[in-house]
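Here the structure comes first, spelled out in structure tokens, and everything after it is commentary.
Protein chains: 2
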Amino acid sequence: MSRVDMPRLFPILDWGRRYDRLDFSGDTTAAVIVTIMLIPQSLAYALLAGLPAEVGLYASILPLVAYAIFGTSRALAVGPVAVVSLMSASALAPLGLDTVAEFTAAAAVLALLSGLMLVAMGALRLGVVANLLSHPVIAGFITASGILIAVSQLKHILGVPAHGHNLPEILFSLGQGLDTVNPWTLANGLAALGFLFWVRRYMADVLHTRLGLSKAAARTAARIGPVFAVIGTVLLSWAMDLPALGVAVVGDVPTGLPPIGLPMIDWALIPALIGPAALITIIGYVESVSVAQTLAAKRRQRIDPNQELKALGAANLASAFSGGYSVTGGFARSVVNFDAGARTPAAGAFTAVGLTFAALFLTPLLYFLPKATLAATIIIAVLSLVDLRVLKTAWTYSKADFAAVLSTIVLTLIVGVETGVAAGVLVSLLLFVWKTSRPHVAEVGQVPGTQHFRNIHRHDVLTDPSVVTLRIDESLYFANARRMEDMILARVQAAPDELRHVVLMCSAVNEIDLSALDSLEEINQRLSDMGVSLHLSEVKGPVMDRLKRSHFLDALSGQVFLSQNEAYEALTATKD
Amino acid sequence: MSRVDMPRLFPILDWGRRYDRLDFSGDTTAAVIVTIMLIPQSLAYALLAGLPAEVGLYASILPLVAYAIFGTSRALAVGPVAVVSLMSASALAPLGLDTVAEFTAAAAVLALLSGLMLVAMGALRLGVVANLLSHPVIAGFITASGILIAVSQLKHILGVPAHGHNLPEILFSLGQGLDTVNPWTLANGLAALGFLFWVRRYMADVLHTRLGLSKAAARTAARIGPVFAVIGTVLLSWAMDLPALGVAVVGDVPTGLPPIGLPMIDWALIPALIGPAALITIIGYVESVSVAQTLAAKRRQRIDPNQELKALGAANLASAFSGGYSVTGGFARSVVNFDAGARTPAAGAFTAVGLTFAALFLTPLLYFLPKATLAATIIIAVLSLVDLRVLKTAWTYSKADFAAVLSTIVLTLIVGVETGVAAGVLVSLLLFVWKTSRPHVAEVGQVPGTQHFRNIHRHDVLTDPSVVTLRIDESLYFANARRMEDMILARVQAAPDELRHVVLMCSAVNEIDLSALDSLEEINQRLSDMGVSLHLSEVKGPVMDRLKRSHFLDALSGQVFLSQNEAYEALTATKD
Numbered sequence: 008m009s010r011v012d013m014p015r016l017f018p019i020l021d022w023g024r025r026y027d028r029l030d031f032s033g034d035t036t037a038a039v040i041v042t043i044m045l046i047p048q049s050l051a052y053a054l055l056a057g058l059p060a061e062v063g064l065y066a067s068i069l070p071l072v073a074y075a076i077f078g079t080s081r082a083l084a085v086g087p088v089a090v091v092s093l094m095s096a097s098a099l100a101p102l103g104l105d106t107v108a109e110f111t112a113a114a115a116v117l118a119l120l121s122g123l124m125l126v127a128m129g130a131l132r133l134g135v136v137a138n139l140l141s142h143p144v145i146a147g148f149i150t151a152s153g154i155l156i157a158v159s160q161l162k163h164i165l166g167v168p169a170h171g172h173n174l175p176e177i178l179f180s181l182g183q184g185l186d187t188v189n190p191w192t193l194a195n196g197l198a199a200l201g202f203l204f205w206v207r208r209y210m211a212d213v214l215h216t217r218l219g220l221s222k223a224a225a226r227t228a229a230r231i232g233p234v235f236a237v238i239g240t241v242l243l244s245w246a247m248d249l250p251a252l253g254v255a256v257v258g259d260v261p262t263g264l265p266p267i268g269l270p271m272i273d274w275a276l277i278p279a280l281i282g283p284a285a286l287i288t289i290i291g292y293v294e295s296v297s298v299a300q301t302l303a304a305k306r307r308q309r310i311d312p313n314q315e316l317k318a319l320g321a322a323n324l325a326s327a328f329s330g331g332y333s334v335t336g337g338f339a340r341s342v343v344n345f346d347a348g349a350r351t352p353a354a355g356a357f358t359a360v361g362l363t364f365a366a367l368f369l370t371p372l373l374y375f376l377p378k379a380t381l382a383a384t385i386i387i388a389v390l391s392l393v394d395l396r397v398l399k400t401a402w403t404y405s406k407a408d409f410a411a412v413l414s415t416i417v418l419t420l421i422v423g424v425e426t427g428v429a430a431g432v433l434v435s436l437l438l439f440v441w442k443t444s445r446p447h448v449a450e451v452g453q454v455p456g457t458q459h460f461r462n463i464h465r466h467d468v469l470t471d472p473s474v475v476t477l478r479i480d481e482s483l484y485f486a487n488a489r490r491m492e493d494m495i496l497a498r499v500q501a502a503p504d505e506l507r508h509v510v511l512m513c514s515a516v517n518e519i520d521l522s523a524l525d526s527l528e529e530i531n532q533r534l535s536d537m538g539v540s541l542h543l544s545e546v547k548g549p550v551m552d553r554l555k556r557s558h559f560l561d562a563l564s565g566q567v568f569l570s571q572n573e574a575y576e577a578l579t580a581t582k583d
Numbered sequence: 008m009s010r011v012d013m014p015r016l017f018p019i020l021d022w023g024r025r026y027d028r029l030d031f032s033g034d035t036t037a038a039v040i041v042t043i044m045l046i047p048q049s050l051a052y053a054l055l056a057g058l059p060a061e062v063g064l065y066a067s068i069l070p071l072v073a074y075a076i077f078g079t080s081r082a083l084a085v086g087p088v089a090v091v092s093l094m095s096a097s098a099l100a101p102l103g104l105d106t107v108a109e110f111t112a113a114a115a116v117l118a119l120l121s122g123l124m125l126v127a128m129g130a131l132r133l134g135v136v137a138n139l140l141s142h143p144v145i146a147g148f149i150t151a152s153g154i155l156i157a158v159s160q161l162k163h164i165l166g167v168p169a170h171g172h173n174l175p176e177i178l179f180s181l182g183q184g185l186d187t188v189n190p191w192t193l194a195n196g197l198a199a200l201g202f203l204f205w206v207r208r209y210m211a212d213v214l215h216t217r218l219g220l221s222k223a224a225a226r227t228a229a230r231i232g233p234v235f236a237v238i239g240t241v242l243l244s245w246a247m248d249l250p251a252l253g254v255a256v257v258g259d260v261p262t263g264l265p266p267i268g269l270p271m272i273d274w275a276l277i278p279a280l281i282g283p284a285a286l287i288t289i290i291g292y293v294e295s296v297s298v299a300q301t302l303a304a305k306r307r308q309r310i311d312p313n314q315e316l317k318a319l320g321a322a323n324l325a326s327a328f329s330g331g332y333s334v335t336g337g338f339a340r341s342v343v344n345f346d347a348g349a350r351t352p353a354a355g356a357f358t359a360v361g362l363t364f365a366a367l368f369l370t371p372l373l374y375f376l377p378k379a380t381l382a383a384t385i386i387i388a389v390l391s392l393v394d395l396r397v398l399k400t401a402w403t404y405s406k407a408d409f410a411a412v413l414s415t416i417v418l419t420l421i422v423g424v425e426t427g428v429a430a431g432v433l434v435s436l437l438l439f440v441w442k443t444s445r446p447h448v449a450e451v452g453q454v455p456g457t458q459h460f461r462n463i464h465r466h467d468v469l470t471d472p473s474v475v476t477l478r479i480d481e482s483l484y485f486a487n488a489r490r491m492e493d494m495i496l497a498r499v500q501a502a503p504d505e506l507r508h509v510v511l512m513c514s515a516v517n518e519i520d521l522s523a524l525d526s527l528e529e530i531n532q533r534l535s536d537m538g539v540s541l542h543l544s545e546v547k548g549p550v551m552d553r554l555k556r557s558h559f560l561d562a563l564s565g566q567v568f569l570s571q572n573e574a575y576e577a578l579t580a581t582k583d
């Protein structure tokens, strides 16, 4: 044990030792506000995941304590979030589970698998895997998920049965139910939507300008607006007995502490859950670590990505063992936590105390809460995720990025979340290979009066008919080796008879793999046959180290020059 | 039709117009020799593919005519080859086909699918797909296939039943049959092996030194050695009535022309054949086009890779419609064709005439041919494919290439050909992404007396404490964007207080994608906060064009310099 870096493994040992009254005051204030925000959110996201409301509460207690012990971000608030809830629902739907108990158990198993994967990735320092998700793919995926989530909640606003995990399925089943719309549900839903929209858009302004609250306080107060919608509609629903009018309400929510223990594991389901669990793991981690890094940067703090993997893993394991489901760090919630003054991960633990209180005493009050109110909460929350501007940015900047984001959005909407994100990653990777397989090659000449060489078509440069210098703007590897071969030979065949030297300027060649080495040997041979020597210039250290381990340099008809300038001077001088 | 480039689509219209007596004489000589070589080969490879012997003959008639019409290589000899025969057998094995007729029809359908894919790839100019196979992966795959093929033929040498499509399966089933080894078969097999080994190793020398044949003639004569083994063992088998002693012989081979017509298509099998057909298509194309290019280069000729796709497609379609199976250009056969003086694709058509003659008149003579002789032919032929030196070359040169070749060899042997080649491609691609996700970054300084900047750790260079220049040796894209961010910020935090400027030298940055642009904006912002400006130097034309379409250059705290030298002079001058 003496070699284990305990404070690194348990960051709580680090910040906990220095914990003071100022920290306590900031953390408790933040915890109160996050608790008020989290009660309706946790219920709503459980609903979105197809789970009983209390599962959302359970997922907001022990996971927060686990993160407080292992986490390195001082502002991240973990718990159920919209996108992961949607992914959980989408993973469980095709399993054909009959009862709510089976469904709840499977959701816990999903969190268990995801927790194990996160811990394993943390132990193996595999956080880099998340880098395979490019920014446009993440942006596209979050946007498309937001749209899917909002549309999926329309059934609660309309009070009609509907199902499906992609846009065509959901819209089709909504269309079939349109003749059974419940007017009371619809009225309740629209009222909640209108109120929440106003809260999000104008309430902070009103509190700031009319009531004189500080901007930060007004913004934070506006974040807990959904609680007023919950309280208002619960009272209305109770007073008017809306359930008797056919309005779906949350109903009986068990009172008490979360059930502790291993979830009921149906081993036959495990193979079908591995893939979805891996996707939830990656998406949840990327979402969480982005939020944590953004907030840490604002206070000049750092987070440790590999420790974050372990902490999120611990949170998911805690959730699985206490009747919850998949959790991660949420964006809106963490921003509120940060703005409200959270100073250490203890704020999360205090929030857990608040949620425990809610699970113990508040659930009977939720009986009359209309599901339409929760749906409205979700819709307003996820609309901020939807940002189609990424399409325009990508289109302007790079068609490859555009193709990746467009395929992610379209496939997420049309087929589903798993296909969407997998397609995004695959398209990004294939386009990268495709781009590097068709490298830019510039013929360069000397910028007059300098030792600098640039593209003859873009700059006014000096050249010499006996020397052709080609700057290859890509690493040479199997996907472009043969193309290089053809390109260089074609260029030489088109050159005038005075041509004696071809220089490959390798300033942008970061690697030469074995396939490309074969091609270089071939080029060297063929040029020799034509009486032209092949030279290299500006070969980088690591590339040169490797070439020295091969026989290529012995066979090379020309030389390797440290700089392009040396090459040009030596080769044009020999001519005279 | 007037816009169609007829000679390009039908190269025969080009070379056919200039066909002269010299061409005819070279082509017929080559055709006679290739015919003699191809008769035992075509029977043997059909056996390897699990097909009746005559299917091999049929696959060596019309496909050769089709290639003669559409092909652009003047030396390529198409027909059944070892690796593709093995892949065909491996594709059909799991289908659970009961009768020989079903198996033969399915093999023809495989050729049909592969032919359609080749033609489609040719029409869409998708020959580049073959570039995804790196040289080490191809070398590893061919080597492992050679081993698999040789081992799979041991059953015929031993005269025991055996099956399987990977090394463990074959060895296990061989082991089970060891107590039923037929001594006559074994004697015949070992004798043929010994004779053929001698032919391959020493016969050319003997013919050259003792009989005074020219080296080329001796080499060519040695290539038709297998025919002597066939004739010898047929006579022996007939004289001693080996079939009565339990020696498996080829038996009745139908006499006559190939059956012309669409193969019997079992539509239910198509989905299972698509994947294997795609692999056979790619491997067959790569093998064929490499041979064709090697031979064309020797005579300073060129082949057209996209037209080659169409020609191989036509050959496979012809094979499917005439009772054959998958074909491609064979290495040994093409070399013999080339050495024997083939001057145009007509040599292939003349070979087809020779094979037609064999199908019409020679098949009754093959009744007594022991299968052990054919197996010995295959073993000796494929042993030249096995070259494990690629492992050593790859190990010395690059561990990534080594990993790709090793996984290809191991998985081909242990699991099978399809898994092996797929794993090779996947491992190559993932390793490429992995390598580019961890780029080499060099801190550079000025080489004294020049305008050239190199790594401060490798060269004696000048630096200035107010400027840190980092040369990033990789395109910036999603897989390395975040890593760059961390690396640059860590470097700046470790720098002395005098630091005022960070220059990113982009001579090796061939692309900046949207994810990396986000990271650059982030770096620019963070450095600004620390009072350090960010500059870029040597940004390439295409990268700069794209940056100009974004807002990054407006936000950039520093400048973009054409050369690193300008950057260094400007920034160190402002200090004074």
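Sequences listed follow chains A and B, in order.
To convert, count from 1 in the first sequence and add 7; that's the working numbering.
To convert, count from 1 in the second sequence and add 7; that's the working numbering.
Even for Gly, the Cβ is constructed at its ideal location relative to N, Cα and C.
Note that the structure is a prediction, hence the values are computed from the model and not measured.
query                                                                                                                                : result
Short CB-CB distance (under 8 Å) between E597 of chain A and chain B                                                                 : The structure shown does not extend to residue 597 of chain A, since chain A is modelled only from 8 to 583, so the question has no answer here.
Under 8 Å between C-beta atoms of L62 of chain B and A53 of chain B                                                                  : Residue identity differs from the one stated: residue 62 of chain B is Val in this sequence, not Leu. Taking 8 Å as the Cβ cut-off, V62 of chain B and A53 of chain B qualify as a contacting pair.
Identified DSSP bridge partners for G258 of chain A                                                                                  : G258 of chain A pairs with nothing; no bridge assigned.
Integer-rounded CB distance, given that L178 of chain B should sit under 8 Å from T419 of chain B                                    : T419 of chain B to L178 of chain B, Cβ: 15 Å. No contact.
Buried or exposed by the 16-neighbour rule on C-beta atoms within 10 Å, applied to M271 of chain A                                   : exposed
N- and C-terminal bounds of the alpha helix (DSSP H) containing R28 of chain B                                                       : 28-55
Contact belief for V474 of chain A with V499 of chain A at Cβ below 8 Å, rounded distance in angstroms                               : That belief does not hold up - the Cβ atoms of V474 of chain A and V499 of chain A are roughly 12 Å apart, past 8 Å.
Beta-carbon proximity list for V431 of chain A, same chain, < 7 Å, skipping 5 on both sides                                          : Per the sequence presented here, residue 431 of chain A reads as Gly, with Val not at that position. Excluding sequence neighbours, G431 of chain A sits near V144, G147, F148, A411, S414, T415.
For A449 of chain B, the three-state DSSP class (helix, strand or coil)                                                              : strand
Contact under 8 Å by Cβ, I387 of chain B with L174 of chain B                                                                        : no
CB contact below 8 Å: P455 of chain B versus chain A                                                                                 : no
Closest residue to R461 of chain A among A:V241, A:A449, A:D471 (Cα-Cα distance)                                                     : A:A449
Proximity to V360 of chain A [Cα-Cα], best of A:A194, A:E529, A:L45                                                                  : A:L45
Where D222 of chain B falls, given that 16 or more other Cβ within 10 Å makes a residue buried                                       : The residue you asked about is not Asp; residue 222 of chain B is Lys in the sequence shown. Label assigned to K222 of chain B: exposed.
Rounded C-alpha distance that separates F77 of chain A from M124 of chain A                                                          : 16 Å
Chain-order list of residues whose beta-carbon lies under 6 Å from that of V90 of chain A (same chain, five-residue window excluded) : S152
Element boundaries [alpha helix (DSSP H), containing F338 of chain A]                                                                : 338-346
Under 8 Å between C-beta atoms of F568 of chain A and A580 of chain A                                                                : no
Amino acids of chain B, ordered along the chain, whose beta-carbon sits closer than 9 Å to that of V292 of chain A                   : The residue you asked about is not Val; residue 292 of chain A is Tyr in the sequence shown. What Y292 of chain A touches in chain B: nothing, since even the nearest Cβ is about 13 Å away.
Residues from the region 392-415 of chain A in contact with chain C, defined by Cβ distance under 8 Å                                : No chain C is present in this structure, whose protein chains are A and B.
Helix, strand or coil at V85 of chain B according to DSSP, with G and I counted as helix                                             : strand
C-beta contact flag for S297 of chain B and F485 of chain A at 8 Å                                                                   : no
Any chain A beta carbon closer than 8 Å to F179 of chain B                                                                           : no
Short Cβ contact (8 Å threshold) for T476 of chain A with M512 of chain A                                                            : yes
C-beta atoms of R81 of chain A and P352 of chain A nearer than 8 Å                                                                   : yes
Short CB-CB distance (under 8 Å) between L578 of chain A and chain B                                                                 : no
Interface flag, G548 of chain B vs chain A, CB-CB below 8 Å                                                                          : yes
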